[in-house]
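Comments concern the structure below.
In our numbering, the protein residues as written are -15 to 295.
Laid out in structure tokens, this is it:
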């Protein structure tokens, strides 16, 4: 399977397999691998066409990107091919350098020494199973440090109710280290989303709720820490609405009220204009209408010749 992909396609696939992101952005992959975003899109479509994976648009609160689903059967075969290729590499070069008349070399039998008793694919497999260090350093949605450069004063400002439970940067660092032991990353955006969800629930419901039992969570700080350490994100309450969605809804409602108020004022002004005319003047004015709805025509006339003249 590995020979069906070019080097750039393998880089993208290896990155996704190593990071296993919840939601990933094309931009983040491009930055991590020093590629163009358009190239990353093309590569993902190619990987999908070859049945390595599938991807679709996804959004969770303020996180937007794509979610990736791997074809486990194809991926296992790909990883097996990668391991086999690496294990044969040291002898392949030696075989090609020998004249045809010489016998092919036989792989040396294991030696009792600790170094030689390790399989030859060990170090190579480790290198392919983990992303390069510079790749992680450049990946925008993976922190450069366990605390993301945050401190408790920032949490006091952004998530005051969460801070009142005793949750702070120390718990974020502990969750990051716990996930690191499992070979998983703690994503900054998902931590931010977790704290948004917890803050909303504390301010709206008054407490965190264990959804499986509908019981009140007695230790909110420990509950948030456990969610981050185990799943990397806190599940959303069924009634949860993000800050952005809430503010967008408020803005839309305000604009609707303004529009209705403006329409009401305009209707009253048009009626006042009509009342200022004698019946003969109004009839003479309406005779100028070329056809169609006379009330609509009168509204347009009023806007052009009365309202604009007064402004």
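Glycine residues also receive a C-beta, built at the ideal position from the N, C-alpha and C atoms.
Under three-state DSSP, which class holds residue i?
i           : result
residue 225 : coil
residue 25  : helix
residue 18  : coil
residue 10  : helix
residue 43  : strand
residue 216 : coil
residue 31  : helix
State buried or exposed for residue i, treating a residue as buried only when at least 16 other CB atoms are found within 10 Å of its CB.
i           : result
residue 222 : exposed
residue 216 : buried
residue 235 : exposed
residue 275 : exposed
residue 167 : exposed
residue 249 : exposed
residue 12  : buried
residue 212 : buried
residue 91  : Below a pLDDT of 50, predicted positions are generally treated as unreliable, and residue 91, at 46, falls in that range; no measurement from the model is reported.
residue 3   : buried
residue 41  : exposed
residue 314 : Given that the chain is displayed from residue -15 to residue 295, the structure contains no residue 314 and the question cannot be resolved.
residue -4  : buried
residue 261 : exposed
residue 172 : buried
residue 272 : exposed
residue 159 : buried
residue 180 : buried
residue 192 : buried
residue 263 : exposed
residue 53  : exposed
residue 279 : exposed
residue 185 : buried
With distances taken from CA atoms, which of the options is nearest residue i?
i           : options               : result
residue 142 : 170, 171, 29 and 182  : 182
residue 209 : 161, 286, 228 and 56  : 161
residue 188 : 219, 145 and 289      : 145
residue 62  : 200, 40, 36 and 53    : 36
residue 176 : 287, 67 and 152       : 152
residue 7   : 24, 51 and -1         : 51
residue 196 : 228, 241, 220 and 180 : 220
residue 14  : 33, -8 and 199        : -8
residue 58  : 225, 31, 268 and 140  : 31
residue 43  : 253, 226, 241 and 232 : 226
residue 48  : 174, 54, 138 and 16   : 174
residue 163 : -6, 214 and 204       : 214
residue 66  : 284, -6, 242 and 200  : -6
residue 1   : 9, 56 and -12         : 56
Between which two residues does the alpha helix (DSSP H) carrying residue i extend?
i         : result
residue 3 : -9 to 3
**Report entry** Whole runs of the alpha helix (DSSP H) within the region 127 to 210, excluding any shorter than 4 residues
**Finding:** 136 to 142, 144 to 148, 153 to 165 and 172 to 188
Query - Segments assigned beta strand (DSSP E), at least 3 residues, entirely inside the region 240 to 278 - result: none
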